[in-house]
Every structure is written in structure tokens, then in C-alpha cells.
Ligand code: ZN
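Numbering (our numbering), first residue to last: 1 to 133.
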């Protein structure tokens, strides 16, 4: 089964964008009833995670905690000036896997899949591989 990709446009330097709908679309296009969806972000300053979608303050708190732990300007050597974004990306991670049952993503009631921008605004990519079991 082939890989699909979709584009995410961030508007801010640090931002968590709900991409659950785009992923569900890719799963439905693949026509897989039971399996897994593997998602990979091919960037070194953007990541992917699953977390709460109900209260937007959760996203705000995650981003502000990361900003407190890894400020944009600090004792870094990387000449591009975006070391905070590289560190956040490694901590949050570049891929997630979601189960598929009855053609739908298996997520908890309050869970969404979030693209995490740490050096925006930029146009980014998410790769998606749907496999049936
Ligand atoms: Zn860099």
C-alpha cells in the first residue's frame, strides 16, 4: 500500500495544529477497515503527538512549558538560531502510530493528533502509511 502525504501550514513560530481530520481522510481513502496508520513528520524542527483536544489550554500549557524549559535564546551553539526548535522536536518525537478499526481511527474521546510547529510559520509535510492487518 502506498504512502500518502499532506501539507500543514503553520501561522506561528510555536503552534499545535489538530490534523486528526486530515489523517482520518487519508485512512478512509486507503480503504483499510482494520490496521494501523503510521504518521511521520520529515522535519527537524516540527513534531507530532497525540493529546487533549477539548480544552485548548492544554495545548497552550504544553507550548508554554516547552518554552520555559527551552527558551528561544539561550546557551546554544547551532548557528541557525533555532536550537530550541530542534530540542523540542526530539523530545516530542517525529512519528506516531494510530490503530484503525471499522475504517476509523481508534482514539480516546478527548484525543486528537497534533502537528507541532516549533520554528514556523512554514509550510510542512506529514507522511502517512496505512497498513491493514
Ligand atoms: Zn537549525
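All residues carry an ideal CB built from backbone N, CA and C; glycine is no exception.
Bear in mind that the values here come from a model prediction, so they are computed numbers and not experimental data.
Inter-residue CB distance, residue i and residue j (contact presumed, cutoff 8 Å)
i           : j          : result
residue 117 : residue 10 : 4 Å
residue 41  : residue 90 : Residue 41 to residue 90, Cβ: 12 Å. No contact.
residue 134 : residue 47 : Because the chain here runs from 1 to 133, residue 134 falls outside it and cannot be looked at.
6 Å CB neighbourhood of residue i in its chain, flanking five on each side removed
i           : result
residue 35  : 100, 131, 132 and 133
residue 129 : 3 and 38
residue 6   : 22 and 126
residue 111 : 50
residue 113 : 19, 20, 23 and 50
residue 26  : 4 and 128
residue 85  : 45, 118 and 119
Inter-residue Cα distance where the pair is residue i and residue j
i           : j           : result
residue 68  : residue 31  : 43 Å
residue 52  : residue 62  : 11 Å
residue 64  : residue 70  : 10 Å
residue 60  : residue 122 : 19 Å
residue 66  : residue 97  : 23 Å
residue 124 : residue 87  : 18 Å
residue 14  : residue 33  : 35 Å
residue 45  : residue 73  : 15 Å
residue 16  : residue 75  : 25 Å
residue 54  : residue 115 : 16 Å
residue 12  : residue 56  : 16 Å
Cβ shell of residue i (< 8 Å), same chain only, five flanking positions each side left out
i          : result
residue 77 : 83
Sequence-distant residues of the same chain with beta carbon closer than 7 Å to residue i, five excluded per side
i           : result
residue 108 : none
residue 58  : 51 and 52
residue 28  : 103
residue 43  : 124
Status (buried if at least 16 other CB within 10 Å, exposed otherwise) for residue i
i           : result
residue 106 : exposed
residue 119 : buried
Checklist entry - Going along the chain, which unbroken runs of the beta strand (DSSP E) with 3 or more residues stay wholly within the region 11-90? => result Runs found: 15-18, 35-40 and 46-52.
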